[in-house]
Amino acid sequence: MPGRWLTTPALVRGTIMVLRKHGQLDNTTSSMQHVWSNAKEFNAGNAGTPPSSLVFRHETTTNQIVLAVIASTSSSETIISESCSVIKAFFSQTFVSYKRLLYIATGSVFRADSPLPFGGLRTRPGYAEYNGASTGSLLRHIVSAAFKWYWGCRGAEALHFVAASVNQTLQLHRDQNIDILDELMLRGMKSAGHIDCMKAARVPFELRHKSDDRRDRRTAVVFTPRRLKSLQRRSND
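According to the working numbering, the sequence shown holds residues 152 to 388 in order.
Right, here's the structure in full:
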């Protein structure tokens with residue numbers, strides 16, 4: 152099978168759990184050693200061009216992130232890098248820091264009940280494999296994990312899930328339900344390990360909500376010349 156599947160023990164355990172739940176895995180042949188050794192052999196012999204060339208794109212007519220087909224000669228690195236850039240630019244169309252929106256999306260993606268490779272066992276979900284310390288590494292992990300899972304298993308559920316989470320994040324921001332947004336953002340920061348998950352947390356000043364409505368962003372009262380003269384006469388009196 153063409154493509155590349157870079158996997159980890161945690162993701163293999165999550166896969167086994169899901170397959171057993173749906174009765175699609177024979178218990179007599181599903182030892183961890185057997186599955187893990189097959190995965191390592193597949194990884195070693197199948198590095199190269201992905202089996203299907205999909206990439207995240209910004210559909211401007213609907214203002215949503217979608218999956219689009221590109222040239223089959225595109226490398227996996229090109230697909231991941233371009234997809235990360237598209238999502239970052241998508242989030243940057245608002246007045247808030249794109250980091251805030253990324254953490255909000257992470258709050259939806261990094262859950263045990265999310266599809267693989269992000270979900271899995273509650274005690275060891277797939278997203279626990281992430282150990283980066285920056286928003287750049289976080290975005291790349293989410294995008295690359297979804298694509299690598301697709302390239303290995305031929306299922307696009309993870310890709311559609313990431314796109315839906317990104318689109319939902321922007322819609323929640325537009326709706327301005329700040330309580331939900333802040334809760335998701337702090338959950339995302341904790342799940343990513345960027346703040347202590349055992350302590351109470353506050354939204355950092357630079358990551359606070361900002362309205363995209365310019366009418367809500369006025370910082371001063373503007374007086375007409377006539378009104379200004381009237382105020383000056385009163386102050387002199």
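C-beta atoms are modelled at their ideal positions from N, C-alpha and C, and glycine is treated no differently.
- The stretch 334-345 makes contact with the stretch 252-264, as at least three CB pairs between them are under 8 Å.
- Distance from the Cα of Arg-291 is smallest, within the candidate group Ile-255, Gly-277 and Glu-228, for Glu-228.
- Gln-215 carries a strand assignment under DSSP once its states are collapsed to helix, strand and coil.
- The three-state reading of DSSP puts Arg-338 in helix, counting H, G and I together.
- Under the rule that a run must span 3 or more residues, the beta strand (DSSP E) segments found entirely inside the stretch 208-270 read 215-220.
- Judged by beta-carbon spacing, Leu-323 lies beyond the 9 Å limit of Ile-221, meaning their Cβ atoms are not closer than that value.
- Counting along the chain, no alpha helix (DSSP H) covers Glu-280, and no H or E run does either.
- In this model, Ser-236 and Arg-273 are separated by some 31 Å (Cα to Cα).
- For Ala-314, the enclosing alpha helix (DSSP H) covers residues 308-326.
- A Cβ-Cβ contact shorter than 9 Å links Pro-268 with Ala-309.
- A residue is called buried once 16 or more other Cβ atoms fall within 10 Å of its Cβ, and Ser-265 is buried on that count.
- In chain order, Lys-361 place their CB closer than 6 Å to the CB of Val-247, counting only its own chain and leaving out the 5 sequence neighbours on each side.
- Judged by beta-carbon spacing, Leu-321 lies within the 9 Å limit of Asn-214, meaning their Cβ atoms are closer than that value.
- The continuous alpha helix (DSSP H) containing Ser-295 extends over residues 286-304.
- With fewer than 16 other Cβ atoms inside 10 Å of its own Cβ, Ile-331 counts as exposed.
- It is roughly 17 Å from the alpha-carbon of Lys-239 to the alpha-carbon of His-311.
- Under DSSP, Val-354 forms no beta bridge with any residue.
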